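Peer 1:
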Ligand code: PSU
Ligand code: MN
């Protein structure tokens, strides 16, 4: 095991005995949702994973140690802001470790740590992607590069429309990342089930997803996959409301000089603010939905190896 990792007893036993394990990220807690709903969600998501018979492993960095599996107290410290965690993607890992700082891992950061620990399935809300206006800003999330190289499957509800979804889809194709629609033929757009972007891959059961993942990795094709799981119908939101909030938030970036890693947290917080509590309820519902599916995929993967 990597010298910088601390794997919790529960997760270590689960991995040793081939039980299904689901990785969960910490940036969604510290930078993606407001207190105290972020803590409630982090706990509920872990519970949902357990109810499906898998072990949750929330991943974060505390004083330079990569923690695989957090205690309730640690989860709370990420949620209430008392640890002041830095948002940690691939670029940021070495410095946070060397300086013994606290870090909340993004999709990319969580994939890296999960792979080090031997966890192959990860649930979150939405992945980072190619930003709108990327032809000028070159703002492309490191999540996409990580998906191309690190062998962890990411269950998400697609990507938020703060991004350019067609460009994000093209980028994933270029980098050889399978995007598997779960029970759908199109890319879900986070708050809504449809984006109008057709996907080439579809699976309707956790077993079908697990077979594709196993084939990819048994072929020696390194890299992840996106399992795009649409938000449940009852929680989906009308596209026009979200779109209006997004354009308002996007127009604020340049005048406020918001760039780089600060862009996504700013847009997420502003869109949540501008849409009121509704979008937060949807956000939580889709994360729960993804956690349950991830647990079932992890179980199917484990069963295939017996
Ligand atoms: N999208 C969401 N919620 C989130 C994020 C993205 O709907 O919380 C977070 C994830 O941690 C993701 C990160 O990995 O933002 C992407 O940031 P950037 O665009 O700076 O790569
Ligand atoms: Mn960026």
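Residue numbers (our numbering): 28 to 333. Cβ coordinates follow ideal geometry from the N, Cα and C atoms, glycine included. It should be emphasised that the depicted structure is a prediction, and the values quoted were computed from it without experimental measurement.
For residue 159, which option in 36, 35, 39 and 278 has the closest C-alpha, if you only look at C-alpha atoms?
Peer 2: Reading the chain shown from its first residue, position 132 is the one you call residue 159. Looking at the Cα atoms, 278 is the closest of the given residues.
Peer 1: With a threshold of 8 Å on Cβ separation, who are the neighbours of residue 309 within its own chain once the five nearest residues in sequence on each side are excluded?
Peer 2: In the chain shown, residue 309 corresponds to position 282, counting from 1. Correct list, in chain order: 218, 258, 262, 263 and 264.
Peer 1: Could you name the residues of the same chain whose beta carbon sits closer than 7 Å to that of residue 323, not counting the 5 residues immediately before and after it, in chain order?
Peer 2: Position 296 of the chain shown, counted from the first residue, corresponds to residue 323. So the qualifying residues of the chain are 79 and 233.
Peer 1: Excluding the five sequence neighbours on either side, which residues of its own chain have a C-beta within less than 6 Å of the C-beta of residue 293, listed in chain order?
Peer 2: Here residue 293 refers to the residue found at position 266 of the chain shown. The answer, listed in chain order, is 285.
Peer 1: Would you mind stating whether residue 195 and residue 152 have Cβ atoms separated by less than 8 Å?
Peer 2: What you label residue 195 is simply residue 168 of the chain shown in a count that begins at 1. What you label residue 152 is simply residue 125 of the chain shown in a count that begins at 1. Not in contact: residue 195 and residue 152 (Cβ atoms no closer than 8 Å).
Peer 1: For residue 219, which residues does DSSP report across the bridge?
Peer 2: As a first step, residue 219 must be located in the chain shown, where it is residue number 192. For residue 219, which the question treats as bridged, DSSP gives the partners 216.
Peer 1: When we look at the beta-carbon of residue 20 and count the other beta-carbons within 10 Å, is it buried (16 or more) or exposed?
Peer 2: The requested residue 20 is not part of the displayed model; the chain covers only 28 to 333.
Peer 1: Pick out whichever of 77, 87, 72 and 56 has its Cα sitting closest to the Cα of residue 31.
Peer 2: Here the question's residue 31 lines up with position 4 in the chain shown. Nearest C-alpha to residue 31: 87.
Peer 1: Look at the Cβ atom of residue 96, then the Cβ atom of residue 34, and state whether they are nearer than 8 Å.
Peer 2: Taking the first residue of the chain shown as position 1, residue 96 is located at position 69. Taking the first residue of the chain shown as position 1, residue 34 is located at position 7. For residue 96 and residue 34, yes; Cβs fall inside 8 Å.
Peer 1: With three or more C-beta pairs closer than 8 Å as the rule, is the region 136-151 touching the region 298-307?
Peer 2: As far as the Cβ criterion goes, the region 298-307 does not touch the region 136-151, which means the pair count is below three.
Peer 1: Just to confirm, does residue 287 get its C-beta within under 7 Å of one of the non-hydrogen atoms of ligand 2?
Peer 2: Numbered from its first residue, the chain shown carries residue 287 at position 260. Yes; taking the cut-off as 7 Å, the Cβ of residue 287 has a heavy atom of ligand 2 nearer than that.
Peer 1: Under DSSP, the alpha helix (DSSP H) around residue 136 begins and ends at which residues?
Peer 2: Start at 1 with the first residue of the chain shown, and residue 136 comes out as number 109. That run of the alpha helix (DSSP H) goes 134-144.
Peer 1: When the Cα of residue 375 is compared with those of 281, 317 and 45, which residue comes out closest?
Peer 2: The displayed coordinates of the chain run from 28 to 333. Any statement about residue 375 would go beyond what the structure contains.
Peer 1: Do residue 190 and residue 253 come within 8 Å of each other at the CB atom, strictly closer than that value?
Peer 2: Start at 1 with the first residue of the chain shown, and residue 253 comes out as number 226. Start at 1 with the first residue of the chain shown, and residue 190 comes out as number 163. No, they are not a contact pair.
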